Amino acid sequence: MNIEQFREYCISKQGVTESFPFDEKTLVFKVMGKMFALTGLEYNPAQANLKCDPERAIELRDEYDGLIRPGYHMSKVHWNTVELEKNIPDELILELIDHSYDLVVKSLTKKLQTQLASL
498 MNIEQFREYC ISKQGVTESF PFDEKTLVFK VMGKMFALTG LEYNPAQANL KCDPERAIEL
558 RDEYDGLIRP GYHMSKVHWN TVELEKNIPD ELILELIDHS YDLVVKSLTK KLQTQLASL
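All residue numbers for the sequence shown refer to our numbering, where the first residue is 498 and numbers rise by one.
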């Protein structure tokens, strides 16, 4: 999966915005103001940080050794860095984006979840 496909999928999700809050090279995707994905545009091959359930994160790191690692500059427990253009099936990357998005949505207040559902 290339970086543009990653971006298009992230912004297609309900309530998602994209911005560069840290610098001009780090693209961040948020749902209702909370980050669920980010990618450094300068990396070649492309990679992204995605939120992940801690147990699933460990399983993925074991299965895709070197291609899925503890999140770079993030909580190593709750975030993974995923190589987008390597030997990880696109379907898995899409699943991991969905998982990250869903984790963040579940952590939103009921008020924000209701607002999101009405978008």
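C-beta atoms are modelled at their ideal positions from N, C-alpha and C, and glycine is treated no differently.
Quick caveat, the model's predicted, so the values are computed rather than measured.
Query                                                                                                : Result
Collapsed DSSP secondary structure at Ile585 in the structure displayed                              : coil
Beta strand (DSSP E) segment containing Ala534, residue limits                                       : Lys531 to Gly537
Ile594 beta carbon less than 8 Å from that of Leu547                                                 : yes
Option nearest Glu505 by Cα separation, candidates Thr536, Ser615 and Met529                         : Thr536
Neighbourhood of Leu567 by C-beta, 6 Å cutoff - its chain only, sequence neighbours within 5 removed : It should be pointed out that residue 567 corresponds to Pro in this sequence rather than to Leu. Lys573.
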